[in-house]
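Before any comments, here is the structure.
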Amino acid sequence: MNMIVTPTSPATPNGTTRPQVRIVIVGHVDHGKSTLVGRLLHETGSLPDGKLEMLKAVSARRGMPFEWSFLLDALQTERDQGITIDTTQIRFRTNSRDIVLIDAPGHAEFLRNMITGASQADGAVLIIDALEGVRDQTRRHGYLLHLLGVKQVAIVVNKMDRVDFSAERFKEISDEISAHLNGLGVKPTAVIPISARDGDGVAERTDRIGWYKGPTVVEALDRLEPARALEALALRLPVQAIYKFDDRRIVAGRIESGSLKAGDEIVIMPAGKIAKIKTVESWPLTPVSGRQGAGRSVGITLDRELFIERGDIVAHADTAPRETRRLRARIFWLHDKPLAKGDQLLVRCGPKESRATVVAIEKAVDPGELSSSENKAIGRNHVGEIDISLSNPIATDPYTENPRTGRLVIEVSGRIAGGGLVLSVDAGQRAVPVDIVPVESALRPDERSARYQHNGAVVWLTGLPASGKSTLAKALERRLFSNGGSPILLDGDTLRAGLNSDLGFSAADRSENIRRLAEVATHLARNGHIAIVAAVSPAREDRATARRIADTAFREIHVATPADVCEERDPKGHYKKARAGALASFTGIGNDYEAPQAAELVIDTSTRTIAEAADEIEQMLKTSGVLFDEAVDLAANI
Amino acid sequence: MDHLDQLEAQSIYIFREAFARLKKIALLWSLGKDSNVMIWLARKAFFGKMPFPALHVDTGKKFPEMYRFRDHYGKEWDLDLRVEPCPPIDAVDPTLPPAARSAARKTEGLKMALAKYGFDGLIAGIRRDEEATRAKERVFSPRGLEGNWDVRDQPPEFWDHFNASPPQGAHLRIHPILHWTEADIWAYTKRENIPIIPLYLAKDGKRYRSLGDQDITNPVNSTASTIDEILIELEQTKVPERAGRALDHETEDAFERLRVAGYL
Chain A
17 MNMIVTPTSP ATPNGTTRPQ VRIVIVGHVD HGKSTLVGRL LHETGSLPDG
67 KLEMLKAVSA RRGMPFEWSF LLDALQTERD QGITIDTTQI RFRTNSRDIV
117 LIDAPGHAEF LRNMITGASQ ADGAVLIIDA LEGVRDQTRR HGYLLHLLGV
167 KQVAIVVNKM DRVDFSAERF KEISDEISAH LNGLGVKPTA VIPISARDGD
217 GVAERTDRIG WYKGPTVVEA LDRLEPARAL EALALRLPVQ AIYKFDDRRI
267 VAGRIESGSL KAGDEIVIMP AGKIAKIKTV ESWPLTPVSG RQGAGRSVGI
317 TLDRELFIER GDIVAHADTA PRETRRLRAR IFWLHDKPLA KGDQLLVRCG
367 PKESRATVVA IEKAVDPGEL SSSENKAIGR NHVGEIDISL SNPIATDPYT
417 ENPRTGRLVI EVSGRIAGGG LVLSVDAGQR AVPVDIVPVE SALRPDERSA
467 RYQHNGAVVW LTGLPASGKS TLAKALERRL FSNGGSPILL DGDTLRAGLN
517 SDLGFSAADR SENIRRLAEV ATHLARNGHI AIVAAVSPAR EDRATARRIA
567 DTAFREIHVA TPADVCEERD PKGHYKKARA GALASFTGIG NDYEAPQAAE
617 LVIDTSTRTI AEAADEIEQM LKTSGVLFDE AVDLAANI
Chain B
206 MDHLDQLEAQ SIYIFREAFA RLKKIALLWS LGKDSNVMIW LARKAFFGKM
256 PFPALHVDTG KKFPEMYRFR DHYGKEWDLD LRVEPCPPID AVDPTLPPAA
306 RSAARKTEGL KMALAKYGFD GLIAGIRRDE EATRAKERVF SPRGLEGNWD
356 VRDQPPEFWD HFNASPPQGA HLRIHPILHW TEADIWAYTK RENIPIIPLY
406 LAKDGKRYRS LGDQDITNPV NSTASTIDEI LIELEQTKVP ERAGRALDHE
456 TEDAFERLRV AGYL
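Residue numbers (the numbering used here), protein chains in the order written: chain A, 17 to 654; chain B, 206 to 469.
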């Protein structure tokens with residue numbers, strides 16, 4: 017037999033309008049959370065027939081007195097240990113609310129489960145034992161409610177029977193916890209004296225608490241407001257994915273705040289690109305008209321082809337989020353190893369992820385201690401403020417401006433290790449995007465391709481220094497031009513002299529260098545030219561970014577000349593300098609070149625002539641639909 | 206947005222996260238009301254066609270109506286349907302009670318399918334309100350190399366951020382309708398006009414609330430012959446949904462043992 021609480025049917029079928037609120041009950045271990053839950057289920061008539069009798073019988077069989085908390089201790093393992101391990105969701109009704117009750121464990125060992133539960137809540141009940149008073153876990157949970165953004169908090173002072181229902185003791189605890197929460201900016205909605213075991217204060221103001229005039233627990237729950245109104249805030253649509261299942265290119269995501277409709281002028285952050293929403297797609301009926309508001313999962317198409325990727329944020333141009341590589345956050349930490357200055361992390365803001373480095377730590381404390389000293393690192397189950405530097409720019413908001421986008425989680429080794437609120441953002445230098453009005457070309461792509469006899473493309477030559485990329489690029493350029501085409505060479509070193517002169521050779525600068533090359537090349541390709549890029553581009557991830565930007569126009573060629581041949585050639589003397597230690601961050605003599613795994617073509621220039629290599633590239637461009645057959649035939653006849 | 210709109214939007218968000226963050230996923234199609242709602246939600250998430258396989262781990266002991274349903278809608282919904290068999294009963298832990306042992310066959314069949322295709326994510330239609338151990342689940346729930354579930358060491362999951370990095374060789378279970386209830390499923394099925402197997406509707410005073418293998422699933426007493434009547438019945442009943450599932454009731458911990466070993 018199962019010791020489960022079977023919910024009575026809780027939903028609001030057929031569109032009835034009872035608001036649903038999700039609440040969490042938190043507090044120090046053994047202060048009576050599970051007992052209160054059991055009692056609430058009983059008082060609201062939510063227990064299945066015979067359940068109470070059955071539980072009493074099971075208790076008798078085990079030789080234990082009956083406890084209300086048995087209702088929740090559904091797992092065998094829990095009963096063995098006598099503590100609640102995880103969050104269990106239970107549903108019941110008050111007069112005007114459907115309540116989803118998330119039980120969260122009080123044991124310090126299971127703080128990650130408390131956070132998992134409490135993060136889903138609209139409101140919270142913080143429970144305190146009248147005899148023991150405010151304890152470390154009470155304070156810790158209070159602090160976490162603040163960090164999780166739970167603003168409606170009711171306090172219950174339980175086990176009043178153990179202090180003879182003393183109004184004085186109640187006031188003492190009420191004052192202490194109210195002061196603690198007020199300090200965090202949380203104002204309790206009620207402070208209620210109860211005995212969960214006997215029922216006083218839960219659904220009824222009994223004589224024993226006759227001096228108390230406030231709401232009962234059930235009344236307090238009945239007054240909770242459902243989730244915050246996010247629709248009034250600025251539009252934030254974080255992009256989950258771009259789908260091209262058919263001829264539509266759909267940008268998919270969930271509207272976290274604000275609203276949108278077809279025809280809206282939008283900006284894609286952090287890149288700051290402007291577009292208009294063409295349609296709002298759906299299924300089975302599509303497109304949909306009318307405004308789509310916060311909470312909806314939507315798909316939109318745009319009026320122009322832009323490079324957009326997962327994690328970008330779609331916003332309205334005049335209320336765009338800030339673009340940044342640096343931010344400050346107040347976080348809680350759940351990982352065994354304390355978080356220290358200099359640590360490398362993975363940060364997630366919605367679907368956006370970025371590598372990050374902790375550059376400073378402040379106010380690292382144990383929120384359970386009354387007056388704890390500040391530490392240099394943030395220990396497990398502790399909190400603190402951190403400054404982080406991000407390897408990719410992200411778009412975000414301070415949490416005071418947007419509770420949905422102003423929060424982040426931190427991952428260590430693929431597992432969520434902490435999370436918190438964005439306090440402030442160091443905004444980037446970007447021009448205000450509202451002033452940008454892209455002008456589209458007067459010519460259609462097919463007009464150009466009819467003249468050039470080819471489609472636009474990005475031919476990306478990657479390989480070690482001195483592998484022959486530039487030589488090959490120039491030969492290809494000459495050949496395509498001779499055939500009437502419009503090739504344009506973009507050499508990595510040449511562009512570093514001008515466009516990219518602000519960039520060095522750190523990993524972040526190399527990524528930015530590649531991104532700019534890819535953007536310029538893609539712009540040329542969209543306008544019908546064949547952009548030939550010759551760049552070492554050693555990082556696989558950077559080349560993947562280039563491929564995403566250029567999309568179907570991308571043709572990767574790995575110039576795979578053996579390393580010893582490259583070093584022997586050394587036309588610029590770089591290998592010699594690097595061997596002498598005079599050229600830091602030089603790709604070639606280390607193992608830092610990540611060879612492509614699925615290039616469209618691989619060429620070793622040590623085993624063939626430049627003309628033969630150019631033939632192979634031309635053939636590849638022909639078979640992959642860049643060069644038109646006629647153009648190649650024409651070339652053969654010259 | 207009403208209650209069903211909110212549930213739908215959240216499920217779509219989960220589907221899209223799973224598709225974006227995992228390499229090779231499949232949806233476990235049990236042919237029941239919950240997994241049919243899941244397929245519907247997946248088609249909404251991906252604008253018409255589910256872009257990954259529907260996996261039916263077939264015990265060979267389902268009701269004939271269920272097989273007819275599978276063959277018909279597998280085609281009509283344009284599913285990439287993979288039907289995988291389960292091993293014979295002799296291959297399953299003999300210390301389990303009979304019905305649980307029968308259900309454990311399905312776990313073995315699932316492991317065989319996982320080994321065959323190398324999925325790193327399986328989408329399953331379990332709900333928190335069905336059963337107490339399911340209430341403890343995460344939306345993205347990591348499984349060990351043996352497909353097992355470590356309920357004591359579940360990673361934290363909050364603000365719709367999911368742990369989506371299973372260790373090499375292990376997989377994740379993804380639960381897009383974990384937050385739905387039985388009544389939600391029926392109200393949504395009605396609103397969206399999703400096809401159902403007629404066994405759910407009362408005939409001669411009985412209907413199935415939950416469909417499993419023929420030999421270990423029993424109908425409940427009911428006169429609800431339409432979805433509207435089912436919704437009214439659910440408003441009043443205090444009988445658990447899985448009351449007709451023999452395996453839940455054999456011993457106090459049989460179901461938990463099954464789930465720890467990798468059952469749904």
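Where is the CB? At the ideal position from N, CA and C, for every residue including glycine.
1) If leucine 233 of chain B and leucine 260 of chain B are in contact, beta carbons under 8 Å, what's the gap, nearest whole angstrom?
2) If you draw a straight line from the C-alpha of threonine 373 of chain A to the C-alpha of alanine 212 of chain A, how long is it?
3) Give, in chain order, every unbroken run of the alpha helix (DSSP H) that is at least 4 residues long and sits entirely within the segment 450-514 of chain A.
4) Residues in its own chain within less than 8 Å of leucine 147 of chain A by CB, not counting five upstream and five downstream?
5) Which of helix, strand or coil does DSSP assign to phenylalanine 367 of chain B?
6) Going by C-alpha distance, which of A/Glu427, A/Leu406, A/Ser486 and A/Gly54 is nearest lysine 353 of chain A?
7) Report, in whole angstroms, the separation of the C-beta atoms of alanine 393 of chain A and isoleucine 377 of chain A, which I expect to be a contact under 8 Å.
8) Helix, strand or coil for methionine 206 of chain B? Go by DSSP, reduced to three states.
9) Which residues, in order along the segment 218-249 of chain B, keep a beta-carbon less than 8 Å from a beta-carbon of chain A?
10) For histidine 470 of chain A versus leucine 505 of chain A, is the C-beta distance shorter than 9 Å?
11) Using CA atoms only, rank isn't needed, just tell me which of B/His366, B/Trp282 and B/Pro372 is closest to glycine 200 of chain B.
12) By Cβ distance below 6 Å, which residues in the same chain neighbour isoleucine 241 of chain A in space, the five residues on each side in sequence not counted?
13) Check whether the segment 291-303 of chain B and the segment 311-329 of chain B touch, using three or more Cβ-Cβ pairs below 8 Å as the test.
14) Just mark threonine 428 of chain B as buried or exposed, buried being the case when its beta carbon has 16 or more other beta carbons within 10 Å.
15) Based on DSSP bridge pairs, tell me the residues matched to alanine 331 of chain A.
16) Taking Cβ to Cβ, would you say proline 337 of chain A is nearer than 9 Å to threonine 412 of chain A?
17) Output, in sequence order along the chain, the residues in the segment 252-264 of chain B whose CB is closer than 8 Å to any CB in chain A.
18) Going along the chain, which residues of the segment 348-379 of chain B sit with their C-beta nearer than 9 Å to a C-beta in chain A?
19) Excluding the 5 residues preceding and the 5 following threonine 264 of chain B in the sequence, name in chain order all residues of the same chain whose CB lies nearer than 8 Å to its CB.
20) Helix, strand or coil: how does DSSP classify arginine 595 of chain A here?
21) Which value, in whole angstroms, describes the spacing of the CA atoms of proline 367 of chain A and phenylalanine 251 of chain B?
22) What does the Cβ neighbour count give for valine 375 of chain A, buried or exposed, with the cut at 16 atoms within 10 Å?
23) Out of B/Pro360, B/Ala223, B/Glu397 and B/Asp298, state which residue places its alpha-carbon closest to the alpha-carbon of proline 347 of chain B.
24) Excluding five sequence neighbours on each side, which residues of the same chain lie with their C-beta closer than 8 Å to the C-beta of leucine 301 of chain B?
25) Have a look at valine 549 of chain A and leucine 200 of chain A and give me their C-alpha separation to the nearest angstrom.
26) Please give the ranges of any alpha helix (DSSP H) in the segment 153-200 of chain A, keeping only runs that are unbroken, at least 4 residues long and fully inside the region.
27) Please identify the residue among B/Ser370, B/Tyr413 and B/Asp355 whose C-alpha is closest to the C-alpha of glycine 467 of chain B.
28) For aspartate 420 of chain B, which of B/Asp433, B/Trp282 and B/Ala305 has the nearest alpha-carbon?
29) Mind pulling the chain B residues with CB within less than 8 Å of isoleucine 432 of chain A?
30) Flag threonine 302 of chain A as yes if its beta-carbon sits less than 9 Å from any beta-carbon of chain B, otherwise no.
31) Going along the chain, which residues of the segment 291-312 of chain B sit with their C-beta nearer than 7 Å to a C-beta in chain A?
32) Just the Cα atoms here: how many angstroms apart are glutamate 387 of chain B and methionine 636 of chain A?
33) Looking only at its own chain, which residues have a Cβ that is under 8 Å from the Cβ of leucine 209 of chain B, when we skip the five neighbours before and after it?
34) State the beta-bridge partners of isoleucine 574 of chain A as determined by DSSP.
35) Hey, could you find the ends of the alpha helix (DSSP H) arginine 78 of chain A is sitting in?
36) Check the Cβ-Cβ distances between alanine 214 of chain B and every residue of chain A, and say whether any is below 9 Å.
Quick answer:
1) 6 Å
2) 47 Å
3) 461-468, 485-498 and 508-512
4) Lys175, Arg178 and Val179
5) coil
6) A/Glu427
7) 7 Å
8) Correct three-state label for methionine 206 of chain B: coil.
9) Tyr218, Arg221, Glu222, Phe224, Ala225, Arg248 and Lys249
10) no
11) This structure gives no information on residue 200 of chain B, because the portion of chain B shown stretches from 206 to 469.
12) According to the sequence provided, residue 241 of chain A is glutamate. The question's isoleucine does not apply to it. Nothing meets the Cβ criterion.
13) yes
14) exposed
15) A/Val283
16) yes
17) Phe252, Gly253, Lys254 and Pro256
18) Val356, Arg357, Gln359, Pro360, Pro361, Glu362, Phe363, Trp364, Asp365, His366, Phe367, Asn368, Ala369, Ser370, Pro371 and Pro372
19) Cys291, Ser307, Arg310, Lys311, Gly314 and Asp418
20) helix
21) 17 Å
22) exposed
23) The candidate whose alpha carbon is nearest that of proline 347 of chain B is B/Pro360.
24) Ala309, Ala459, Arg462 and Leu463
25) Distance between valine 549 of chain A and leucine 200 of chain A, taken at the CA atoms: about 55 Å.
26) 183-199
27) Check the Cα spacing between glycine 467 of chain B and each of B/Ser370, B/Tyr413 and B/Asp355: the tightest is with B/Asp355.
28) Nearest in C-alpha terms to aspartate 420 of chain B, of all of B/Asp433, B/Trp282 and B/Ala305, is B/Ala305.
29) Ordered by position in chain B, the residues that pass the 8 Å Cβ test against isoleucine 432 of chain A are Pro360, Pro361, Glu362, Phe363, His366 and Asn368.
30) Judged by the 9 Å Cβ criterion, threonine 302 of chain A is in contact with chain B.
31) none
32) 56 Å
33) Asp389, Ala392, Tyr393 and Arg396
34) Here residue 574 of chain A turns out to be histidine, not isoleucine, going by the sequence shown. In DSSP, histidine 574 of chain A forms a bridge with A/Thr478 and A/Val618.
35) Premise fails: arginine 78 of chain A is in no alpha helix (DSSP H) and is neither H nor E.
36) yes
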